[in-house]
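Quick note: the sequence shown uses numbering that gives the first Met the number 0, first residue 0, plus one each step.
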Amino acid sequence: MKALDKAKILKAAIGGHGKTTLFDRFGAGDIDEHMDIFLDVHATKDVVIKAGIAIFQHIYHAPGTTLGAIRYNMFSWKAAAGLIKPETLPPTEGAATQHSLCADLQTRDWMLLQSMSLDPSDYGWMVGVHGYEPVPTLDPMAPEELLRFTSCNCNGDLSMWKL
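Structure, rendered in structure tokens:
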């Protein structure tokens, strides 16, 4: 994949990884086949979702491992260390799905030069107050039983919080 194509895809940091780190990771591994899916205007939604999830697995150095397992392992490690920054955890599979669909729709519209060539609500977008907004995820952030045992490093009275 050309450097310019990669640069277009890397609009923002993902999961606490900066653009430079992501660019280096994309250049150092066998990820081009997954990135190329987003440049194929005939790719099905299922293929796009699988490619998007594979890209996230690559970002977290765990090809073939489910995002849920990666997320759980990282959460457990960070909880043991006493510092959990949710933004550094991998996305849930649902969030990765929505992100992949949004990116695919934006890429198709850009490549075909047709705004709204497909129904945005079928590609990870919802109608919000100010127009279309991305759907963050359809999954919970963590299993309920795990959230009950989550602690924070707060210094205040947390008696109002019920677990």
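Glycine included, every Cβ here is placed at the ideal spot set by N, Cα and C.
Subject >> 7 Å CB neighbourhood of Leu111 in its chain, flanking five on each side removed >> reply: Correct list, in chain order: Val40.
With DSSP collapsed to three states, give me the class of Pro133. Pro133: strand per DSSP, three-state reduction.
query: To the nearest whole angstrom, what separates the beta carbons of Gly67 and Leu100, a pair I think is in contact under 8 Å?
result: Leu100 and Gly67 do not touch by the CB rule: their CB atoms are close to 19 Å apart, not below 8 Å.
Report the partner residues of Trp124 according to the DSSP bridge assignment. Partner(s): Pro133.
* To do: Would you kindly check if the distance between the Cβ of Ala94 and the Cβ of Pro135 is under 8 Å?
  => Annotated as proximal: Pro135 and Ala94, with beta-carbon spacing under 8 Å.
*Of all Cβ atoms in chain D, is any one closer than 8 Å to the Cβ of Glu92?*
Included in the structure is just one protein chain, with no chain D present.
Buried or exposed by the 16-neighbour rule on C-beta atoms within 10 Å, applied to Pro142
Within a 10 Å sphere around the beta-carbon of Pro142 sit fewer than 16 other beta-carbons, which makes this residue exposed.
| task | State the start and end residues of the unbroken alpha helix (DSSP H) segment that holds Asp108. | result | Residues 92 to 111.
- prompt: Among Lys84, Pro89, Ala80, Thr43, which one has its Cα closest to the Cα of Thr64?
  reply: With distances taken between CA atoms, Thr64 lies nearest to Pro89 out of Lys84, Pro89, Ala80, Thr43.
* Asked: Within 10 angstroms of its Cβ, does Leu104 collect 16 or more other Cβ (buried), or is it exposed?
  -> Its Cβ being crowded by 16 or more others within 10 Å, Leu104 is buried.
query: Heavy atom of the ligand COA less than 7 Å from the Cβ of Asn72, yes or no?
result: Ligands displayed in this structure: none; no statement on the ligand COA is therefore possible.
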